[in-house]
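So the structure is just underneath, and the comments pick up after that.
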Amino acid sequence: MSIRTDIIKTTSIFDAIYMVLLSILFSVISILLFILIITIGGFGINVLDLFNSAVVNVLTDPKSLFRIFYWATPLMLTGLAVAVAFQAGLFNIGGQGQMLIGGVAAAIWAAALVPDIPLFQNKFVMISITIIIGFLFGGLWGFIPGYLKAKTGAHEVIVTIMMNLIAISLVTYLVGSQSYSPFVDSTSVDAYGQTDTISEYARINLLLPSYSNSLNWTTMITFAIVLIMQIVLFYTRYGFKLRAVGFNPIASKTAGINSDRIIMSSMFLSGGLAGLAGVFYVIGTSPYRYVSGFEGTLGFDGIAVALIAQNSPIAIAFAAIFFGFLTEGKNSLDRTTDIPPDILFALQAFVIIFIAAPAISRWVIDRLRAIKKEKEDLPSFQKEELNE
Amino acid sequence: MSTTSGNEQTVSLHDDVILKIEHISKSFPGVLALNDVSINIKKGEILAILGENGAGKSTLMKILSGLYQYDKGKISIDKSWFENDSSTNNLSEIQFSEPLDAIKLGIGQVYQHFQLVGPFSVGENITLGKEYTRNKVKLGPINISLNPLIDEKETNAKIEELSKKFGLPIDPTILVEDLPIGLKQRTEILKQLYREAELLILDEPTAVLTPTEVDELFKTMRSLKESGKSIIFISHKLKESLEIADRIVVLRKGEVVGETTPGTISEKELAEMLVGRRLLSMLSTLERKDLEIGKAILSVSNLHLSLNQNEKNEKNEKNEENEVFHKYILKDINFKIHQNQIVGVVGVQGNGQSELLDCLVGMKKPTSGNIKLNLNEEVDLIDFSTLDILTSSVAYIPEDRNIQGLILDFNLSENSWLAFHGYSALTKINYIETNQNFFQKLLLPLKKMKTIAINIVKNYEVKTPSIFSSMRNLSGGNQQKVLIGREFAKNPDLIIAAEPTRGVDIGVMEKVHLELIQKRDNGSGILLVSSDLDEIFKLSDYILIMYEGQIVGQGKLSDMNLDHISQLMTFGQKISEENP
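Going line by line, the protein sequences match chains A and B.
Quick note on numbering that gives the first Met the number 0: the first sequence kicks off at 0 and runs consecutively.
Quick note on numbering that gives the first Met the number 0: the second sequence kicks off at 0 and runs consecutively.
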């Protein structure tokens, strides 16, 4: 509860976006100060180079520009996963595991299990089914902690952490070695950690093939999901109950809301969304197979995204795009300059700090307002003096 | 005494005023909470600050505790308290910048919601922040502890000494969570005395107490007064203020509208001062028809509830030895509620009333027994979920509106929808359409939510900037209005109302009482649980007396006498029977 009331002070999208922009502003200022200090210290970073590489290059090169959205896609989904659970008063930090399970389930289905019948040789049918499978398996991985929470009171944080470990081991088993798993890449003898490429029909098209070889339709689907989640959370009867349980489980129960059902279903939904991040990698990214290590820390970054966006789905889209922008900036720095890309990691961390400690931002704003007010309150003759 | 600025003055007065509030104003965005308020508090006096909800009592109190900064005016305090120099009586202006300042100045607050750590003992709670530690070494004026462990023996001895000094007996070793509310409050008071508070501010201290506990509290207050402490008693209860206070200051809409002493004013005159003229007609008498009761709509028979928690039972045994606290289960509850009838439940808090309510609305499953609801057809509520019960034309006003009733982070409109979310298609409810298409079933009916909220705001005169403002920003009385409004909007046949007027002002209280009477006259059956005996006696047709989880007496109110009821409440039986 305490985390919730601290972070979710606002439900308005505009407030959330305002806070995001403000904290980014503060972070940029902080990072510039930081650079200034290390420059004085003799480790020079050319800010102009940094800006050129991480901002100008990224924004002027269409390939880079579109890649921002490519990077942002899984972050939106894992961010939504965290946000949905958070709105129900639950802290799902199992996004990583749910994403792995969703991805590997979809890949195994589309690469190895899909029967060779005409029904599945239709792109629409095959893609839909693959997505649904990934959603269901990710959802199952989220449902288990939800079920345990509702029925036994087991804390979801601990269970989801453990479920992450189980997921990693399970995936390692499933795609580890041909000697014990039938799902491992059969095209090479000593293949490790990847499935076969998935069925032609399960692969999703690139969105703008002539401009970008990474951005694909999963990004558009994800934007649609963001909108749907905004509606689900704030405009449906289900979302009403979900938020009610999140804010006050006792009052919800007293008003007849079945909070157990909400806990289980929201964790299912949360896991499913994280699972989609895995599926979309498999069906959208060449070489169209499950590859160990694709996940990086996307599941955990989702927590940061949701935190920054204060669990508002639309703000999550913006926050994820910002993170995508930083990721692309890091790549660009790595390619074109000697500047360590970690400086952008630091920026990312600053943003989170400023969001997580909204008091800092508010304090600064209040100070600014107070100074402004003092000026206004001055008698008019003094004001004139000031103006002169 | 040094003066640092031209405004600061050192005033000498002949009488022993210890705190002087002068021309204090405080505004919040859009509201002037306090307007030019001046109050003096003398040494060894109980001053009642009387006012309705929203009159500015809480704001004034928060200013005195350093939580709020005031816009205008000044507060002066007699610093001779601390300098042990009783010869001079110097008032000097003070500025609070944080709550700690108030504590340092000897102002102790006892909040309505206690600031205690449940799993800590009474002694630990009282000494928290200024603990006695072992192996102390004196280094000049500073005590340095070589062993950071708390010295329980010394703590307990000090507490006992303190409680003897002020006549407030308490066992310092008991865990606070095991104490009844009255003793928790006593712990709070002792905590302030331990911090050498000279001025105690009690915020609605009787709101949560039973009549016996109120008497105890008043005794405590009188003995504190005799030992020279000053007390500010903040309340909206006329009778209690008249009983305990030496002086009464009445606040209305942020202004001091009068000052009086109990001997010189009647309750009615005081009420007039408190609420203005508008409510006088309503206050006089509540008109109620004598109605024949209709059929029984709720029948409870042989209801039992056992806790089945070994840990708690052990605790009970332990505490029974201390004769402080008992935890109850329900034993063999039998009663009926008829149409056109208000059934009042009286009993000291914690005698099973909450558990009974939980059973009735399906929050707890009874161990055995029957609960039958007979509206159009007889149904057994035992198998019903809370949602089933609440959508069977039953309204439920839970006793704790902040925790059970409302979701404070939701807005007014969303909170009013909480009573309706469960209806899928019930014709009796005006707001619900019988035929809903797929999307109507899926989406929140924002327009209807708006209509419901607007109706509640209109019918109950809820003071709110908008129906979309967060419930948290409404005052307690207005929150209660929303809660009651939304439940009554269901057009219920059976109303289960627990503490429907807890912490609300007279205006709201009268409105709620009127509504309850109207619902009764229109054929509803009402179960009223309240710790306010006046309320029960004013409204009920029939009463149940609960003691230790049992109904020890029931009957028509007109057949009962007060002595009889209070004996049953406190002993579970008539005293004459106890000693034959």
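Cβ coordinates follow ideal geometry from the N, Cα and C atoms, glycine included.
State the DSSP-derived secondary structure class of LYS164 (chain B), mapped to helix, strand or coil. The sequence position of residue 164 (chain B) within the second sequence is 165, counting from 1. Note: LYS164 (chain B) maps to helix in three-state DSSP.
Please confirm if THR38 (chain A) has its CB atom under 9 Å from at least one CB of chain B. By one-based count along the first sequence, residue 38 (chain A) stands at place 39. No, THR38 (chain A) does not count as interfacial toward chain B.
Grab me the residues of VAL55 (chain A)'s own chain with a C-beta within less than 6 Å of its C-beta, minus the 5 sequence neighbours each way, in chain order. For the purposes of this step, residue 55 (chain A) is taken as residue 56 along the first sequence, with counting starting at 1. Correct list: empty, nothing qualifies.
Contacts of ARG236 (chain A) in chain B (Cβ-Cβ under 8 Å): Here residue 236 (chain A) refers to the residue found at position 237 of the first sequence. Within chain B, the residues near ARG236 (chain A) are HIS420, LYS440, LEU441, LEU442, LEU443.
Quick test of your reading: ALA496 (chain B) and ILE535 (chain B), contact by CB under 8 Å. State the CB separation rounded to the nearest angstrom. Position 497 of the second sequence, counting from 1, holds the residue named residue 496 (chain B). Position 536 of the second sequence, counting from 1, holds the residue named residue 535 (chain B). Separation of the CB atoms of ALA496 (chain B) and ILE535 (chain B) is rounded to 11 Å, and the pair is thereby denied contact status at 8 Å.
Distance, ASP331 (chain B) Cα to ILE149 (chain B) Cα: Walking along the second sequence from the start, residue 149 (chain B) turns up at place 150. Walking along the second sequence from the start, residue 331 (chain B) turns up at place 332. Rounded to the nearest angstrom, the two C-alpha atoms are 47 Å apart.
May I ask you to list the residues that DSSP assigns as paired with THR194 (chain A)? Along the first sequence, one-based indexing puts residue 194 (chain A) at 195. Note: THR194 (chain A) is bridge-paired with A:VAL183 in the DSSP secondary-structure output.
Supposed close pair ILE505 (chain B), LEU355 (chain B) - CB separation, criterion 8 Å: Mapped onto the second sequence, residue 505 (chain B) falls at position 506. Mapped onto the second sequence, residue 355 (chain B) falls at position 356. The Cβ separation is near 28 Å, so there is no contact.
Alpha-carbon spacing of ALA580 (chain B) relative to VAL249 (chain B), whole angstroms: Residue numbering for chain B in the displayed model covers 0 to 579; residue 580 (chain B) lies beyond these limits and cannot be assessed.
Give a yes or no on whether the C-beta atoms belonging to TRP140 (chain A) and GLU327 (chain A) are separated by under 9 Å. Counted from its first residue, the first sequence places residue 140 (chain A) at position 141. Counted from its first residue, the first sequence places residue 327 (chain A) at position 328. Taking the C-beta atoms as reference points, GLU327 (chain A) is found no nearer than 9 Å to TRP140 (chain A).
Cβ atoms of GLN68 (chain B) and PHE95 (chain B): under 9 Å apart, would you say? To locate residue 95 (chain B), count along the second sequence from 1; it is residue 96. To locate residue 68 (chain B), count along the second sequence from 1; it is residue 69. A distance below 9 Å separates the beta carbons of PHE95 (chain B) and GLN68 (chain B).
Between the stretch 360-368 of chain B and the stretch 537-557 of chain B, are three or more C-beta pairs nearer than 8 Å? Not touching, per the Cβ criterion.
Report the option in A:ALA111, A:ILE256, A:ILE67, A:ALA369 whose CA atom is closest to the CA atom of LEU386 (chain B). Numbered from 1 along the second sequence, position 387 holds the residue referred to as residue 386 (chain B). Of the candidates A:ALA111, A:ILE256, A:ILE67, A:ALA369, the one whose C-alpha sits nearest the C-alpha of LEU386 (chain B) is A:ILE256.
Using a beta-carbon distance below 9 Å, is ASN247 (chain A) in contact with chain B? The residue you call residue 247 (chain A) lines up with position 248 of the first sequence. Interface annotation, ASN247 (chain A): in contact with chain B, CB-CB separation under 9 Å.
Return no unless some Cβ of chain B is closer than 9 Å to the Cβ of THR253 (chain A). Locating residue 253 (chain A) in the first sequence gives position 254, where the first residue counts as 1. Yes, THR253 (chain A) counts as interfacial toward chain B.
So, using beta-carbon positions, are ILE40 (chain B) and LYS19 (chain B) closer together than 9 Å? For this step, residue 40 (chain B) is matched to residue 41 along the second sequence. For this step, residue 19 (chain B) is matched to residue 20 along the second sequence. Contact flag set, yes.
Whole-angstrom C-beta distance between ALA273 (chain A) and GLN97 (chain A), which should lie under 8 Å: Counting from 1 along the first sequence, the entry for residue 97 (chain A) is found at position 98. Counting from 1 along the first sequence, the entry for residue 273 (chain A) is found at position 274. Right, their Cβ atoms sit about 4 Å apart.
Would the stretch 298-312 of chain A count as touching the stretch 203-214 of chain A if we require 3 or more Cβ pairs under 8 Å? Output reads no: the stretch 203-214 of chain A does not touch the stretch 298-312 of chain A.
Between LYS240 (chain A) and chain B, is the shortest Cβ-Cβ distance under 9 Å, so that the two count as touching? Mapped onto the first sequence, residue 240 (chain A) falls at position 241. It does: the Cβ of LYS240 (chain A) has a partner Cβ on chain B nearer than 9 Å.
Does the stretch 204-219 of chain B come close enough to the stretch 30-37 of chain B that 3 or more CB-CB pairs lie under 8 Å? Touching, no.
From what residue to what residue does the beta strand (DSSP E) around SER469 (chain B) run? Counting from one through the second sequence, the residue named residue 469 (chain B) turns up at place 470. Looking at the DSSP string, SER469 (chain B) is not in any beta strand (DSSP E), and its letter there is neither H nor E.
For SER465 (chain B), count the other beta carbons within 10 Å of its own beta carbon; 16 or more makes it buried, fewer makes it exposed. Which is it? Your numbering for residue 465 (chain B) matches position 466 in the second sequence. SER465 (chain B) is exposed by the Cβ-count criterion.
For TYR146 (chain A), which residues of its own chain have a beta-carbon under 6 Å away from its beta-carbon, when the five flanking residues on both sides are left out? For this step, residue 146 (chain A) is matched to residue 147 along the first sequence. For TYR146 (chain A), where only same-chain residues beyond five positions count, the Cβ hits under 6 Å are MET263.
Looking at the secondary structure, which residues open and close the alpha helix (DSSP H) in which GLU611 (chain B) lies? There is simply no residue 611 (chain B) to check, as chain B begins at 0 and stops at 579 in what is shown.
Evaluate VAL281 (chain A) with the Cβ neighbour count: other Cβ atoms within 10 Å of its Cβ, from every protein chain shown; 16 or more gives buried, anything less gives exposed. The count along the first sequence starts at 1 and reaches residue 281 (chain A) at position 282. Counting the other Cβ atoms within 10 Å of the Cβ of VAL281 (chain A) gives 16 or more, which makes it buried.
Contact belief for ALA82 (chain A) with ASN247 (chain A) at Cβ below 8 Å, rounded distance in angstroms: Position 83 of the first sequence, counted from the first residue, corresponds to residue 82 (chain A). Position 248 of the first sequence, counted from the first residue, corresponds to residue 247 (chain A). Contact annotation, ALA82 (chain A) with ASN247 (chain A): C-beta distance approximately 19 Å; criterion of less than 8 Å not satisfied.
Check whether the Cβ atoms of SER406 (chain B) and ASN414 (chain B) sit closer than 9 Å, and answer yes or no. For the purposes of this step, residue 406 (chain B) is identified with residue 407 of the second sequence, where counting begins at 1. For the purposes of this step, residue 414 (chain B) is identified with residue 415 of the second sequence, where counting begins at 1. Note that residue 406 (chain B) is Ile in the sequence shown here, rather than Ser. Using a Cβ distance threshold of 9 Å, ILE406 (chain B) and ASN414 (chain B) count as a contacting pair.
Can you look up ARG194 (chain B) in the DSSP assignment and give me helix, strand or coil? One-based indexing of the second sequence puts residue 194 (chain B) at position 195. Three-state result, ARG194 (chain B): coil.
Cα separation between GLY343 (chain B) and GLY484 (chain B)? Taking the first residue of the second sequence as 1, we reach residue 343 (chain B) at position 344. Taking the first residue of the second sequence as 1, we reach residue 484 (chain B) at position 485. Each residue's alpha carbon lies about 21 Å from the other.
Nearest-angstrom Cα distance between LEU618 (chain B) and ILE188 (chain B)? Since the first residue of chain B shown is 0 and the last is 579, residue 618 (chain B) is not available in this structure.
Please confirm whether ALA166 (chain A) and GLY78 (chain A) have their CB atoms less than 9 Å apart. As a working mapping, residue 166 (chain A) is identified with position 167 in the first sequence. As a working mapping, residue 78 (chain A) is identified with position 79 in the first sequence. No. Outside cutoff.
Chain A residues whose Cβ lies nearer than 7 Å to that of GLN403 (chain B): For the purposes of this step, residue 403 (chain B) is taken as residue 404 along the second sequence, with counting starting at 1. What GLN403 (chain B) touches in chain A: ILE249, ALA250, THR253.
For MET545 (chain B), list the residues DSSP reports as bridge partners. Position 546 of the second sequence holds residue 545 (chain B). Paired residue(s): B:ILE550.
Check the Cβ of ALA308 (chain A) against every Cβ in chain B and list those closer than 7 Å, keeping chain order. Position 309 of the first sequence holds residue 308 (chain A). Those do not exist, as ALA308 (chain A) stays about 18 Å from chain B at its closest Cβ, beyond 7 Å.
From this set, A:ILE126, A:ILE338, A:PRO144, A:LEU35, which residue's C-alpha is nearest ILE203 (chain A)'s C-alpha? Taking the first sequence and counting its residues from 1, the one referred to as residue 203 (chain A) is at position 204. Among A:ILE126, A:ILE338, A:PRO144, A:LEU35, the Cα nearest to that of ILE203 (chain A) belongs to A:ILE126.
I'd like to know whether the C-beta of ALA314 (chain A) is nearer than 9 Å to at least one C-beta of chain B. The count along the first sequence starts at 1 and reaches residue 314 (chain A) at position 315. Not one chain B Cβ lies under 9 Å of ALA314 (chain A).
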